[in-house]
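Each step along the sequence shown adds one to the number in the numbering used here, with nothing skipped, and position 107 is 89.
Cβ atoms here follow ideal geometry from the backbone N, Cα and C, with glycine treated the same way.
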Amino acid sequence: AELGVKEAHNMLGGLYATGYKVEKDMANAFRHFEAAATCGLASARYNLGSMEYNDGNYDLALQNYLISAKLGDDPSLNCIKKMFMAGLATKDDYAAALRGYQIAIQEMSSPDRDQAGECTQLSKQTAHL
């Protein structure tokens, strides 16, 4: 993947993490997830958090989940909630993640975006006529 192509890095990370059609290589998976996360891809940050969590690095997992939750990533918010309920995150951690998540969702919604979504849906419906 070319440097800066975040989706490609994230997909390569997933291939290396699972060993799908490549030799399983967690170091390469981490490197690709990290490249995508550095470019701002929330799902890659979530993947880093999951790798850290699975390795028992709960503080690093929480840091990654907090960043991606504040980018509007719902699975990360759910992980922070589970970590809070398991005693691995504080109430303040969960509250900060929830606030950041809500702000990200509000910023992503707008009347123009909603109208564009309606137009896209209408165009998909009429394409099948």
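Taking residue i as the reference, which of the options has the closest Cα?
i	options	result
GLY54	GLN88, MET33, GLY1	GLN88
ALA79	TYR35, GLY22, ALA19, LYS52	LYS52
GLN28	ASN39, LEU44, GLY38, ARG13	Note that residue 28 is Tyr in the sequence shown here, rather than Gln. Among ASN39, LEU44, GLY38, ARG13, the Cα nearest to that of TYR28 belongs to LEU44.
ALA26	LYS3, SER91, ARG13	ARG13
ASN10	ALA(-1), ASP37, GLU(-11)	ALA(-1)
VAL(-13)	ALA17, MET65, ASN39	ALA17
Start and end of the alpha helix (DSSP H) containing residue i?
i	result
SER32	24 to 36
THR0	-12 to 0
GLU5	Looking at the DSSP string, GLU5 is not in any alpha helix (DSSP H), and its letter there is neither H nor E.
LEU80	73 to 90
LYS63	56 to 67
ASN46	40 to 51
Whole angstroms is fine: what's the gap from residue i's alpha carbon to residue j's?
i	j	result
HIS110	ALA71	The pLDDT assigned to HIS110 is 43, lower than 50, so where the model puts this residue is not dependable, and the model offers no usable value.
LYS3	ASN36	22 Å
MET67	ASP7	32 Å
LEU(-6)	THR20	15 Å
LEU42	LEU30	9 Å
ASN(-8)	ALA24	10 Å
MET33	SER91	30 Å
GLY1	LYS63	29 Å
TYR76	GLY22	21 Å
(message) For the pair the stretch 73 to 83 and the stretch 46 to 64, tell me if three or more CB-CB distances fall below 8 Å.
(response) By the Cβ test, the stretch 73 to 83 is in contact with the stretch 46 to 64, since at least three Cβ pairs between them sit closer than 8 Å.
(request) Check whether the stretch 36 to 49 touches the stretch 63 to 78, taking contact to mean three or more Cβ pairs, one atom from each stretch, closer than 8 Å. (result) Output reads yes: the stretch 63 to 78 touches the stretch 36 to 49.
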